[in-house]
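Numbers 160 to 348, taken from this note's numbering, label the letters of the sequence shown in order. Don't be surprised by glycine CBs; every beta carbon is placed ideally from N, CA and C. Working notes, beginning with the structure itself.
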Amino acid sequence: MRIVAGDFGGRRLKAVPGMQTRPTTDKIKEALFNIIGPYFDGGRSLDLFAGSGGLSIEAVSRGVAHAVLIDRQYQAIKTIKDNVAVTKAPERFEIIKGDAKRVLDQLAFKNEQFDWVFLDPPYAKQQIVKDILKCDSLGLLTVGCHIICETDANADLPDEIPGFKLIRRQNYGITYLTIYQKMTAEAEA
Numbered sequence: 160m161r162i163v164a165g166d167f168g169g170r171r172l173k174a175v176p177g178m179q180t181r182p183t184t185d186k187i188k189e190a191l192f193n194i195i196g197p198y199f200d201g202g203r204s205l206d207l208f209a210g211s212g213g214l215s216i217e218a219v220s221r222g223v224a225h226a227v228l229i230d231r232q233y234q235a236i237k238t239i240k241d242n243v244a245v246t247k248a249p250e251r252f253e254i255i256k257g258d259a260k261r262v263l264d265q266l267a268f269k270n271e272q273f274d275w276v277f278l279d280p281p282y283a284k285q286q287i288v289k290d291i292l293k294c295d296s297l298g299l300l301t302v303g304c305h306i307i308c309e310t311d312a313n314a315d316l317p318d319e320i321p322g323f324k325l326i327r328r329q330n331y332g333i334t335y336l337t338i339y340q341k342m343t344a345e346a347e348a
């Protein structure tokens, strides 16, 4: 596993030990960023189930100014810290150990907002639509925010979520990428 492109391109990343997380492959990561980027001019990203931190590190490498990474597993947090150290830019990352839903409330309390949200929950615990709607109801999403969902085929994400439009759905073997964008109130009407 490596950082594909950008300021930190080519640097190697560690995977979380054990079988509780599955890293996004370099092929899928490259395809994903070609769809949503491939490069950015600032902004903030949120990674709710960060695992190794690979998606957020890739986003920052490609120009996102700051990334917030959340995971509840000790091993994942340790791996994220090791991987962020590889970038030599730790000030561009905030790593939070905790349950995603509780942390979302804390971020809303601090009036934080995000331009990109990565949702790659454990396949057995996918509640993507609920997670998107919670982020939206808490005011965490900027207008135009991209929600990037990595799932398996069983997720069966809808084409329509109130307040969002489906940008793209792509499958890569057993992995599905579904990308939504937050619409303005005028675009919804």
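Own chain residues within Cβ distance below 6 Å of G201, not counting five before or after:
If you number the sequence shown from 1, residue 201 lands on position 42. Cβ within range, chain order: A224.
Length at least 4, wholly inside the region 295-334: the alpha helix (DSSP H) runs in chain order:
As far as the region 295-334 is concerned, it has no whole alpha helix (DSSP H) run of at least 4 residues.
How many Å lie between P317 and T310 at the Cα?
For the purposes of this step, residue 317 is identified with residue 158 of the sequence shown, where counting begins at 1. For the purposes of this step, residue 310 is identified with residue 151 of the sequence shown, where counting begins at 1. Separation of P317 and T310 (C-alpha to C-alpha, rounded to the nearest whole angstrom) is 13 Å.
Output the distance between the C-alpha atoms of K247 and G196, rounded to the nearest integer angstrom.
As a first step, residue 247 is located in the sequence shown; it is residue number 88 there, counting from the start. As a first step, residue 196 is located in the sequence shown; it is residue number 37 there, counting from the start. About 23 Å.
To the nearest angstrom, report how far apart A348 and G322 are at their CA atoms.
Within the sequence shown, residue 348 is the residue found at index 189, counting from 1. Within the sequence shown, residue 322 is the residue found at index 163, counting from 1. Unreliable placement is indicated for A348, whose pLDDT of 48 sits below 50; no coordinate value is reported for it.
Just to confirm before moving on: does the CB-CB distance between L214 and F277 stay below 8 Å?
For the purposes of this step, residue 214 is identified with residue 55 of the sequence shown, where counting begins at 1. For the purposes of this step, residue 277 is identified with residue 118 of the sequence shown, where counting begins at 1. Cβ atoms of L214 and F277: closer than 8 Å.
Ignore the nearest five residues each way along the sequence and tell me which others in R171's own chain have a CB closer than 6 Å to its CB.
Walking along the sequence shown from the start, residue 171 turns up at place 12. Only R161 meet the Cβ criterion.
When G212, S204, D230 are compared against D241, the one with the closest alpha-carbon
Stepping through the sequence shown from its first residue, residue 241 is reached at position 82. Answer by Cα proximity: G212.
Helix or strand or just coil, what does DSSP make of I286?
Within the sequence shown, residue 286 is the residue found at index 127, counting from 1. Note on identity: in this sequence residue 286 is Gln, with Ile being the wrong assignment. Three-state result, Q286: coil.
What's the call for V175, buried or exposed, on a 16-neighbour Cβ count within 10 Å?
Locating residue 175 in the sequence shown gives position 16, where the first residue counts as 1. With 16 or more other Cβ atoms within 10 Å, it is buried.
Taking three-plus beta-carbon pairs below 8 Å as touching, is the region 253-261 in contact with the region 185-199?
Here the region 253-261 does not lie against the region 185-199, with fewer than 3 beta-carbon pairs under 8 Å apart.
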